[in-house]
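Numbering (my numbering), first residue to last: 65 to 399. Notes to accompany the following structure.
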Amino acid sequence: MRVVSGIKPTGNLHLGNYLGAVKQWVAMQDEVQASGGETMFFIADLHGLTEWIAPAELRANTIEMTATLVAAGIDPARSILFNQTRVPAHSELSWLLNNVARVGWLNRMTQFKDKAGKNREGASVGLYDYPVLMAADVLLYNATHVPVGEDQKQHLELARDIATKFNTDYATELFTLPEPLVSRAAPRIMSLRDAGAKMSKSNPSEMSLIKLIDADDVIADKFRKAKTDPDVLPGNVEGLDGRAEAKNLVTIFAALADRTPADVLAEYEGKGFGAFKPALADLAVATLGPIRDEMTRLLDDAAAIDAILDRGAEKARDLAAPVLRQAQEAMGLVV
Ligand code: TYM
65 MRVVSGIKPT GNLHLGNYLG AVKQWVAMQD EVQASGGETM FFIADLHGLT EWIAPAELRA
125 NTIEMTATLV AAGIDPARSI LFNQTRVPAH SELSWLLNNV ARVGWLNRMT QFKDKAGKNR
185 EGASVGLYDY PVLMAADVLL YNATHVPVGE DQKQHLELAR DIATKFNTDY ATELFTLPEP
245 LVSRAAPRIM SLRDAGAKMS KSNPSEMSLI KLIDADDVIA DKFRKAKTDP DVLPGNVEGL
305 DGRAEAKNLV TIFAALADRT PADVLAEYEG KGFGAFKPAL ADLAVATLGP IRDEMTRLLD
365 DAAAIDAILD RGAEKARDLA APVLRQAQEA MGLVV
C-alpha cells in the first residue's frame, strides 16, 4: 500500500483542507506504516502556478504549508514530505501523459469549468492541464490510495483513465490504478457564509473560511457570525435536510470531535445556535490552536523546513526515477 497526496501552497491551510484531507493523512501515516506501507505527501507548488500568485508569496507559502503539515502531525521521519519542483520527474511524466489524455476528457473536468468561469479563453493552459500533472503525481509512485476531499475525486478518476489507456496503448502493466479515499466525516466542508459553495482559499470573503493562522478570537468570531437559521437543532440527521448551513456546522463539529453527526445531535437536540456555536468554536480552537502555535514555532527556523523538503525530495526522486524511465522506454523514447 502506498498512499500519496498533495496540497497547493496558495494560502494557509483552512478547515476544509484540514478536515477533508490533512487529518486523514495524519491518521493514515500511523495505520499504513503499521501494515508495512508507505506514505508520501507533497506541496503541489507546480499546481500553485496555474492561477496567478506573486513569486514571493508562493515561496513563503511553500515553506509555511510545509511547517503546517509538520505541525499537524506529518512526521518527515516517517512520511516522505517534499515539493513537486524538486522532483522534476513530475513535470517529465506529465508531458508524457499529455499525449495519452484526451481533450474531451479534460473538457469534462468541473474544477476547470468552475475556476475558468466565463473567461475560458483567458484561463492558463496550466489550469486546463492541471489534472494531467495530478495524474503524474500519483502514477509516478504507483500510489494505491489517494486521500482527498470530494472535489478532487473526478481528477483521480481521470488519473485512472490515463493509467488504463497508457497500459493498453503501450501493452504494459506499468501503472497502478489509484483509489481515491474521500473522507467520510468531511467530504466537503462548505463556506460559513453560503452553504451552497465549498470552503475555499479562493473565496473573497474572509468570514467564509476558518484559516489555520486565525487567532482564537477570530475563529470564535467567524463561527458566531456563520450563517444559520432560527430553528433549534433536531434530534436526528434527517432533521437537517433542507438546512444546509446547520448541517455544515454539525458536520464540522462531528469531524473535529471524531464523533458521528447523530451523536452530536443527540447531545444538542432542542438547543439553538446560541449554545451550539460557542461549543463549536471552543472545539475548533482546541484543535487548530496548538497546530497554529507549533507552525509559528517551526517557522522560526525556515532553513530547517527547507531542509525537510530537500531530504524528502531526495527520497522521492529515487522512487520516481525507475518509473519515469520505464514509461519513457515503453513509449519508445531513447533514454
Ligand atoms: P488543494 O490545495 O486545493 O486542496 C488540498 C486538499 O484539501 C481538500 N479540500 C477540501 N476537503 C473538504 N472540504 C473542502 N471545502 C475542501 N477544500 C479542499 C482537497 O480535496 C484536497 O484533498 N489538486 C489538489 C492538490 C494535488 C493533489 C495531487 C492531490 C495536486 N496533485 C495528487 C492528490 C493527489 C488540491 O485540490 O489541492
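Every residue, glycine too, gets a C-beta built ideally from N, C-alpha and C.
Whole angstroms are fine: how far does the CA of residue j sit from the CA of residue i?
i: E156; j: M198; result: 12 angstroms
i: D327; j: A261; result: 26 angstroms
i: A187; j: G112; result: 14 angstroms
i: H219; j: P251; result: 15 angstroms
i: D285; j: I316; result: 16 angstroms
i: A330; j: G303; result: 12 angstroms
i: L160; j: R150; result: 19 angstroms
i: A200; j: K379; result: 17 angstroms
i: L203; j: Q390; result: 12 angstroms
i: T114; j: G137; result: 28 angstroms
i: E128; j: L110; result: 16 angstroms
i: L375; j: S255; result: First, the residue type needs correcting, since residue 375 is Arg and not Leu in the sequence shown. In a straight line, the C-alpha of R375 is about 36 angstroms away from that of S255.
i: I71; j: F106; result: 7 angstroms
i: L122; j: F146; result: 15 angstroms
i: I117; j: T351; result: 29 angstroms
i: I355; j: P268; result: 24 angstroms
i: M271; j: G213; result: 21 angstroms
i: K335; j: F239; result: 52 angstroms
i: G338; j: S69; result: 38 angstroms
i: A318; j: A308; result: 15 angstroms
i: L191; j: A180; result: 8 angstroms
i: T103; j: A124; result: 25 angstroms
i: G80; j: I283; result: 14 angstroms
i: Y205; j: D293; result: 47 angstroms
i: R142; j: I369; result: 16 angstroms
i: A290; j: F230; result: 47 angstroms
i: P242; j: P211; result: 10 angstroms
i: A135; j: D233; result: 43 angstroms
i: D357; j: A343; result: 21 angstroms
i: S158; j: T132; result: 27 angstroms
i: D258; j: D382; result: 45 angstroms
i: I253; j: E393; result: 43 angstroms
i: P244; j: D215; result: 11 angstroms
i: M65; j: A385; result: 19 angstroms
i: V301; j: F287; result: 21 angstroms
i: D322; j: Y82; result: 13 angstroms
i: A98; j: I144; result: 16 angstroms
i: E333; j: N183; result: 46 angstroms
i: D139; j: H209; result: 19 angstroms
i: D346; j: G353; result: 10 angstroms
i: A207; j: K217; result: 15 angstroms
i: V164; j: E237; result: 15 angstroms
i: D305; j: E185; result: 39 angstroms
Could you please give me the residues that DSSP links to residue i through a beta bridge?
i: G70; result: F106
i: H209; result: V67 and E243
i: L145; result: F105
i: M254; result: K262
i: H78; result: K275
Give the C-beta separation of residue i and residue j to the nearest angstrom, bearing in mind that I take them to be a contact with Cβ-Cβ under 8 angstroms.
i: Q148; j: A120; result: About 19 angstroms separates the two Cβ atoms, so there is no contact after all.
i: F340; j: L362; result: Actually they are not in contact, since the Cβ atoms of F340 and L362 sit about 33 angstroms apart, beyond 8 angstroms.
i: L297; j: A310; result: 7 angstroms
i: L388; j: A153; result: 4 angstroms
i: V67; j: V96; result: 5 angstroms
i: S247; j: G101; result: At roughly 19 angstroms, the Cβ-Cβ gap does not stay under 8 angstroms, so S247 and G101 are not in contact.
i: T130; j: I372; result: 6 angstroms
i: V349; j: D280; result: 5 angstroms
Return helix, strand or coil for residue i, following the three-state DSSP convention.
i: K403; result: The chain is shown only over 65 to 399; residue 403 falls outside these bounds and no answer can be derived.
i: K275; result: strand
i: M198; result: helix
i: M129; result: helix
i: M359; result: helix
i: E333; result: coil
i: L344; result: helix
i: L160; result: helix
i: E115; result: coil
i: A235; result: coil
i: I138; result: coil
i: K289; result: coil
i: M173; result: coil
i: T228; result: helix
i: S99; result: coil
i: T351; result: helix
i: K87; result: helix
What do you reckon, is the C-beta of residue i under 7 angstroms from a heavy atom of ligand 2?
i: R323; result: Ligands present in the displayed structure are limited to ligand 1, and ligand 2 is not among them.
Output yes if chain B places a C-beta closer than 8 angstroms to the C-beta of residue i; else output no.
i: E121; result: The structure shown has no chain B; it contains just one protein chain.
>> Assess contact between the segment 267 to 287 and the segment 69 to 82, defined as three or more Cβ pairs (one per stretch) separated by less than 8 angstroms. Is contact present?
In response: yes
> Would you call the segment 185 to 205 and the segment 163 to 176 touching, i.e. three or more CB-CB distances under 8 angstroms?
Replying inline: yes
> Do the segment 219 to 227 and the segment 161 to 170 meet, that is, are 3 or more Cβ pairs less than 8 angstroms apart?
Replying inline: yes
> Would you call the segment 88 to 100 and the segment 351 to 369 in contact, with 3 or more CB pairs under 8 angstroms?
Replying inline: no
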